[in-house]
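What follows is a set of notes on a single structure, which appears directly below.
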Amino acid sequence: MPIFLGDFAGFIDGKKDDLRNKILKGKPNWLEEDFKKYINAHWVALESLNDFLVSPADLDVLAVDSSVYTNLLSNGGIFYIIRSLAVRKDIVGKRLKVDVIFSRDKMSRIRELITAKMEMLEFEVALEALKNGFNGNAVLLDGSLYGRASHVPIESKVEEERDALLRYFKVYKELLDFCQKSGTLLVGVSKESRSTFYRDHLLSLIFDEKLKELDLEEEDKKRLMEIFHQILDVEKIAFSKFSKLKEKYNDKLETIELILKELASSRPDYQLIMNYVHSIGFMRPLLLGPSIRMSRRLKEYYENPKGSIEKYFPRLAMEKGADFIQWATKVLCSILKFPSFISFYILLDPRDSPIRVDTPYYGKSLIEVGWPEPVNVEISNLLKVMVSGYCGLNSYNLWLKNVDEKVRLRRKVVDEIYFPYLERLFGEKIIRGRGYRRVKFL
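Per the numbering used here, the sequence shown starts with residue 580, numbered consecutively.
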């Protein structure tokens, strides 16, 4: 019998109701009734999926995914292997990169760099397949397209990779441009995303409604609106401003305070949908613009692209000079032309968690969009792909599952094939770091 089993049972018994709600429902929600009302207004229920269901064999879908293995070496270097695949009915494109990173940067920043390199390989294999003639129903990438556009280009502290994020955006823009010209549907698919864009949009509607009901001075209403938008940028300053208004109006601002606290919390969109939606369907699409942080950076690029390169890529600008600055400036200017993105959630089984999908919207550039806004777009082709590829609770997309199984890099393969090959090639044993047995995939 496990020695902690009795302790576990006793601990759980003392707080079972609280723990049950946290596990099954998430954080307590003091705005529950308001969220229910607005979610139901934005939810499009489907009586049946049959209108969008076709045989997967009748759809020509290109699925793209990647995997990564990392290991800390005894010399302080971080060894990594990245693999990326594009799969149609068979493999039509692949990339592999193996290297060692030496950097004094934080491990979290190094992981972000490796993740960006992994995503860039996905862009490259998708672009290769498109240039080789793929013109099917959709290109699916595992993960958010919007999230990938939200990286902030900055010089890496890895010497050989200082321009990594510039190359990342260059390839991403090429992929978006090719899909626009060819009319190819590019879709990012993610499950249990931590995104809060829909919650934020609904909160803005709740906030506007509650604010109109309050008897406040018009100038103070304007201040509260400014505070609402500041919460996601400078939370401490925003709440400091709010506390002064709260002193003035006392209990009148109780509901507004709940809204601001909810906006500052970490409740993801999918938790709201799982708690308040009980039918198959989808949320009405929203058009997403840049985050507040990225918006400021885009404004800098627009006003002074050359100066931005010298500011955010100082080593490269100094070492490589005018040619690099000219090339990098073109990349920054291309970021200003990135399309905005449509994003929404689909629930294909009431027992499941919702799937987030996003796709480029070429009618507006990213920089032209502010707060998430409703958009009226035709999504039937996208729904057809998502519904036809859904495999129930075990797999939210058969094409992405297929490519994931092919590209996934298991530790056993690295231990029994890749490392022995390198050791035979080098004629020496590779000593890995002392934490090797605890290493997990990124």
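Glycine included, every Cβ here is placed at the ideal spot set by N, Cα and C.
Would residue i and residue j be called neighbours here (beta carbons separated by less than 7 Å)?
i	j	result
E703	R727	no
N976	V813	no
H780	P951	yes
K676	I657	no
L719	W978	yes
Y747	D848	no
S772	R935	yes
Y725	I693	no
Can you tell which of the options has the C-alpha that lies nearest to the C-alpha of residue i?
i	options	result
T949	K878, L824, V768	It should be pointed out that residue 949 corresponds to Gly in this sequence rather than to Thr. When each option's Cα is compared against that of G949, the closest is K878.
P819	D830, I806, Y828, L811	The amino acid occupying residue 819 in the given sequence is Ser; Pro does not appear at that position. S819 has its Cα closest to that of I806, out of D830, I806, Y828, L811.
P918	L824, L755, Y849	L755
I921	I670, V766, A588	V766
E796	Y828, I660, T938	Y828
N619	L692, A743, I859	I859
K916	A901, E898, G900, Y940	Y940
S645	L1001, K696, S682	K696
L851	M804, Y881, S774, D830	S774
K760	A743, D799, L706	L706
P635	D721, Y849, Y969, G589	Y969
G942	S932, E626, V956	V956
L793	D937, S682, D830	D830
E1023	I888, T938, R674, S723	For residue 1023 there is no data in the structure shown, the boundaries of the chain being 580 and 1021.
From residue i to residue j, what does the alpha carbon distance come to, in whole angstroms?
i	j	result
L962	W609	33 Å
P732	D597	42 Å
K752	C912	11 Å
I925	P953	16 Å
S870	L945	10 Å
L1004	K890	43 Å
K749	P884	15 Å
A624	N854	15 Å
N714	G593	59 Å
I1009	K909	42 Å
K791	I835	11 Å
G886	F757	29 Å
I689	E788	44 Å
R802	A843	17 Å
N960	N629	14 Å
M897	R990	41 Å
L745	L832	45 Å
K985	G900	43 Å
Which partner residues does residue i have in the DSSP bridge list?
i	result
V910	Per DSSP, none; premise fails for V910.
I934	K770, I925
G860	A624, L926
Y940	S919
K673	L664
V966	For V966, which the question treats as bridged, DSSP gives no partner whatsoever.
I680	I657
R1011	L652
A1027	An answer regarding residue 1027 cannot be provided, because it is not within the stretch 580 to 1021 covered by the chain.
Is any beta-carbon of chain D found at less than 7 Å from that of residue i?
i	result
E882	Among the protein chains of the structure shown there is no chain D, as only one such chain exists.
Can you name, in chain order, every residue of its own chain whose Cβ lies under 6 Å from the Cβ of residue i, other than the five neighbours on each side?
i	result
A817	I806, Q809, I810
V671	A665, A708
V993	Y648
V1018	In this predicted model, V1018 has a pLDDT of only 42, less than 50, meaning its place in the structure is not dependable; the value taken from the coordinates is given anyway. Cβ within range, chain order: N650.
F1020	Here F1020 scores only 38 on pLDDT, less than 50, and its place in the model is too uncertain to base an answer on.
Starting from the C-beta of residue i, find all residues in its chain whose C-beta is less than 7 Å away, skip the five residues before and the five after it, and write them out in chain order.
i	result
L632	V966, S967
N981	A642, V666
Excluding sequence positions up to five away, which residues of its chain have a Cβ less than 8 Å from the Cβ of residue i?
i	result
I785	L610, D613, F614, Y617, I838
R894	E734, R741
D799	L824, K827, Y828
R872	V731, D812
N711	V671, G672
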